[in-house]
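Asker: If you scroll down you'll find the structure; I have some questions about it.
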Amino acid sequence: MGFEGLDLLPFPVVIVGQDFRLVFANEEARKLGKGERCYELLFGFSRPCHEVPGYRCPLLEIKSGKTERGITVNEYPLGGKFRKLLLETFRTKEGLFAEIVLDYETVQRYRPERSPFYLDKAELIDFIQELLDRNRSFFVSTINVKKLKSINQFFGLEVGDAVIHAIEKILHEFASKYRFYYASVAGGYFIVVNPAEGGKPYRIEREIFEAINNLQSIFNLPVKPRISIISTEVSPLITKSAEDVLKIMFYAEKFKKDEGVLFLDVDKLNEILTTLGLKRQIIRSLESILKHREVDVFFQPVVSLKTGEVTALETLIRIKQNGEYIAVGRYIDLIYELNLITEFDLQVLEKLKEYLPELKRLGKKVFINVSATDLKREDYRKKLVETLTLFKEEGLELGVELTEQVVLEEYEFLEFLHSSLGLKFSIDDFGTGFSSLKLVIDLTSKGIINAIKLDCELVKQYFESEQARALINSVVGFARTFGIETIAECVEDAQQAETLKKVGVTSAQGWYFFKPAPLSELLKKL
């Protein structure tokens, strides 16, 4: 495949396939030993590095999707003795893996300030472009030292440089911990790219801000720098260009004049996309997705807080392109604005029919989201009734999640579905809309509504706001009175789960229990 040029490099490089089997080893690597797999040739191991106590495999981390570039530093047996080495692994354009072996002390001597997670601007652009080309969503943040020019003028360049150096140290520490990459693209202006931020959204940015906010005391600086961090999730739906991603983040600075952390909400992101002329591109992308039938679904389990058992699965829209899945949650308002939501939801019903044999094996209730726009379309109503009937014939329960708006606008149709098919509904985002409480009580008393969902923002605010606590406590009391279920969304840790259980919430879903996943993965776990 043309890897012979690697023989010119003065350090070992191997090209490896999915099964760790060598495709190519350069001259320096071939000097080390013999073997058909990378761990045999390089280190004389009889089994993969991750199976050897005290070692991990950067190649395996890339294959699992945890990171785009795997880096590890450890003592390895090399040339008959143990040496401290830096291993860096990345995916090649051919779908193989390249593994570079560097002497750690040499790297430190010639690049003392270079973190393995640090990228220069050109490398940053290439990295972002690689993620977009692979249809990967990722998080990107900017860190801006406010008034750096004034710091240089009043305190001297040495102090300004010390501030930048201190921030770089903090970023290196967090990058090593959370496996993200960062770059300095201008004086006092950094960009962080995290291809796999998990758990609570944006928690890393908050931690970085707190650490940088304490720079003055930690590094004994004569001035406390003012820092702003702006962060958002980027999807290939927005753009396929790394340069556009940088333009979005640069433009976002207008929204954060003071210090602190800002997470771009849908409205701000929409304004930026419109201003930069990127909205048309998203529209074309969405229309192409529908045309080529690239809509797929993930499922997120709902767990009983009392027993810990999985009681149901919520259906979530995903877009599948080139083997990668893209979430559409952040663009749902735009999908509604373009009047495309029913086209997406029709394809969701088709996917449920396709996955029915596997869903039957799990035997769990399945929830789908239905909008007021959906129920105004005769073709959707017909397809929904067909799908509900099919599930009922197969002995599966298909539950429908409705917003309060749908309850108000489609009361008669809901009664029809209940009387003809025995269908019961869940109220989604209860307490955040404009419902007629009397109508909800009426439907609940008739057995048409059997669950109320507490939306992500409300659950999050429960732990921060007296008003949110009062609202959730009221909803739980209402549900208990009528004997219906309450389901909390976006539960992220054990403390949240236990607290919600104590106040009477019956079920929950969130990353603490299960991430949304393809049905094939859930079949292995449940």
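Each residue of the sequence shown is one higher than the one before, counting from -19 in my numbering.
The C-beta atom is built at its ideal place from N, Cα and C for all residues, glycine as well.
Mind checking which residues open and close the alpha helix (DSSP H) that includes tyrosine 442?
Answerer: 436 to 442
Asker: Touching or not, the segment 340 to 352 and the segment 364 to 384, by the rule of three or more beta carbon pairs under 8 Å?
Answerer: yes
Asker: Who are the Cβ neighbours of asparagine 319 in its own chain at under 8 Å, not counting the five residues just before and after it?
Answerer: Result list for asparagine 319: Thr353, in chain order.
Asker: Straight-line CA distance for lysine 507 to glutamate 465?
Answerer: Nothing about residue 507 can be reported from this structure: the residues present for the chain run from -19 to 506 only.
Asker: To which residues of the same chain is glutamate 289 closer than 8 Å at the C-beta, ignoring the five residues directly before and after it?
Answerer: Val283
Asker: Span of the beta strand (DSSP E) holding phenylalanine 405?
Answerer: 405 to 408
Asker: In three-state DSSP terms, what is isoleucine 123?
Answerer: strand
Asker: Could you give the distance in angstroms between the alpha-carbon of leucine 12 and the alpha-carbon of glutamate 41?
Answerer: 24 Å
Asker: Specify the secondary structure class of proline 38 as computed by DSSP and reduced to three states.
Answerer: Helix.
Asker: Report yes if the C-beta distance between lysine 125 and proline 205 is below 8 Å; otherwise report no.
Answerer: Lysine is not the amino acid found at residue 125; the sequence shown has valine there. Going by C-beta atoms, valine 125 is nearer than 8 Å to proline 205.
Asker: So the candidates are Pro202, Asn200, Arg63 and Ser211; which of them puts its Cα closest to the Cα of isoleucine 188?
Answerer: Of the candidates Pro202, Asn200, Arg63 and Ser211, the residue whose Cα lies closest to the Cα of isoleucine 188 is Ser211.
Asker: Are three or more beta carbon pairs between the segment 468 to 476 and the segment 485 to 504 nearer than 8 Å?
Answerer: yes
Asker: Are there 16 or more other CB atoms within 10 angstroms of the CB of threonine 255, so buried, or fewer, so exposed?
Answerer: Result: exposed.
Asker: In this structure, how does DSSP classify glutamate 294 when only helix, strand and coil are distinguished?
Answerer: In the structure shown, the three-state DSSP call for glutamate 294 is strand.
Asker: In the DSSP assignment, what residue or residues form a beta bridge with glutamate 304?
Answerer: Gln301
Asker: For valine 328, does the three-state DSSP call read helix, strand or coil?
Answerer: helix
Asker: Taking the alpha helix (DSSP H) that threonine 369 falls in, what are its first and last residues?
Answerer: 358 to 373
Asker: Identify, in the order they occur along the chain, each residue of the same chain with its Cβ nearer than 7 Å to the Cβ of isoleucine 312, setting aside the five sequence neighbours on each side.
Answerer: none
Asker: Can you grab the Cα-Cα spacing for the pair serine 454 / glycine 402, in whole Å?
Answerer: 28 Å
Asker: Figure out for me which residue from Val246, Ser425 and Pro175 has the closest Cα to the Cα of arginine 310.
Answerer: Val246
Asker: Need the endpoints of the beta strand (DSSP E) that tyrosine 182 sits in, please.
Answerer: Segment: none, tyrosine 182 is in no beta strand (DSSP E) and carries neither H nor E.
Asker: Suppose you measure from the CA of glutamate 274 to the CA of isoleucine 299; what does that come to, to the nearest Å?
Answerer: 6 Å
Asker: May I ask which residues mark the beginning and end of the beta strand (DSSP E) holding valine 139?
Answerer: For valine 139, no beta strand (DSSP E) encloses it; the enclosing alpha helix (DSSP H) starts and ends at 137 to 158.
Asker: By Cβ distance below 7 Å, which residues in the same chain neighbour valine 567 in space, the five residues on each side in sequence not counted?
Answerer: Outside the shown range of the chain (-19 to 506) lies residue 567, about which nothing can therefore be said.
Asker: Alpha carbons only, please: which of Cys436, Lys340 and Phe458 is nearest the one belonging to phenylalanine 371?
Answerer: Lys340
Asker: For arginine 114, does the three-state DSSP call read helix, strand or coil?
Answerer: coil
Asker: Do valine -7 and phenylalanine 77 have their CB atoms nearer than 8 Å?
Answerer: no
Asker: Look up glycine 50 in the DSSP assignment and say whether it is helix, strand or coil.
Answerer: strand
Asker: Looking at valine 139: is its Cβ nearer than 8 Å to the Cβ of arginine 186?
Answerer: no
Asker: Identify whether phenylalanine 77 lies in helix, strand or coil by the three-state DSSP scheme.
Answerer: strand
Asker: So, for alanine 9: in the same chain, excluding its five sequence neighbours on each side, which residues have a beta-carbon less than 7 Å away from its beta-carbon?
Answerer: Pro(-8), Val(-7), Val(-6), Leu21 and Leu22
Asker: Which partner residues of phenylalanine 243 appear in the DSSP bridge assignment?
Answerer: Ser211
Asker: With serine 500 as the anchor, note down where its alpha helix (DSSP H) starts and where it stops.
Answerer: 499 to 505
Asker: Please state whether DSSP places serine 221 in a helix, a strand or coil.
Answerer: DSSP places serine 221 in coil when its eight states are reduced to three.
Asker: Sort out for me which residues DSSP pairs asparagine 349 with in a bridge.
Answerer: Glu381
Asker: Nearest to leucine 253 by CA position, among Met229, Lys236 and Lys271, is which residue?
Answerer: Met229
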